[in-house]
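Everything below concerns the one structure shown next.
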Amino acid sequence: MRRIVFAAFALTVAAACQPATTDLTEAQRAEIVAAVSQVATDNWRAWLAQEDVDEVLSVSSDWAGTPWSGTSSLDQMRSDMGLHWDRWDYDQDVEYDWDVWVLAPNVAAAKMTTDYVRTDVSGTVQEWTVNWATVWVLEDGAWKMLLAKNDWIEKEPAGG
């Protein structure tokens, strides 16, 4: 009898530990991919425009604290962005191609790699590649950034 009870218990626990299945149609997945791609692109353009820190930060998840790795708060991010924006001017003509993975109806991951040019206040021009990875969650009908990680890779100067 113990074996039957143990087997029933083990089966119940194993069933409870299985990940929830999220059956989404291809159309639903495509809708999520389009929505996340759009909000991610809009956020990236706002960053490059360097006009409104609050607009850039407005996509932050309400419960993330700060989505950017290496930044302890939105206030620190706001300060860092101000210092960064005071030093650099970015080329606005940048191509965006997001790869988006739908993880659940309310969770998606996205990554983008792009090249861009920035000029500092002294006139020094730098070419960079950025690898940008984000996790998005659906909060109150809007996609919000839960986590972001980026790598900035400076390119070698032409001819050097």
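Per numbering that gives the first Met the number 0: the sequence shown = residues 0 to 159. Here a beta-carbon is modelled for each residue, glycine too, at the ideal position from N, C-alpha and C.
query                                                                      : result
Check whether P104 and L47 have beta carbons under 8 Å apart               : no
E155 versus W131 - alpha carbon distance                                   : 20 Å
Separation of D139 from V129, as counted between CA atoms                  : 30 Å
Cα-Cα separation, A39 to E25                                               : 21 Å
Contact under 8 Å by Cβ, D119 with K110                                    : no
First and last residue of the uninterrupted alpha helix (DSSP H) at V55    : 52-56
C-beta neighbour in chain C for D51, strict 8 Å                            : Among the chains of the structure shown, chain C does not appear; only one protein chain is present.
Paired residues, beta bridge with I152 - DSSP                              : T128
Residue range of the unbroken beta strand (DSSP E) whose run includes L102 : 98-103
Under 8 Å between C-beta atoms of M76 and L102                             : no
For N42, the nearest candidate out of S59, W127, R117 (CA to CA)           : S59
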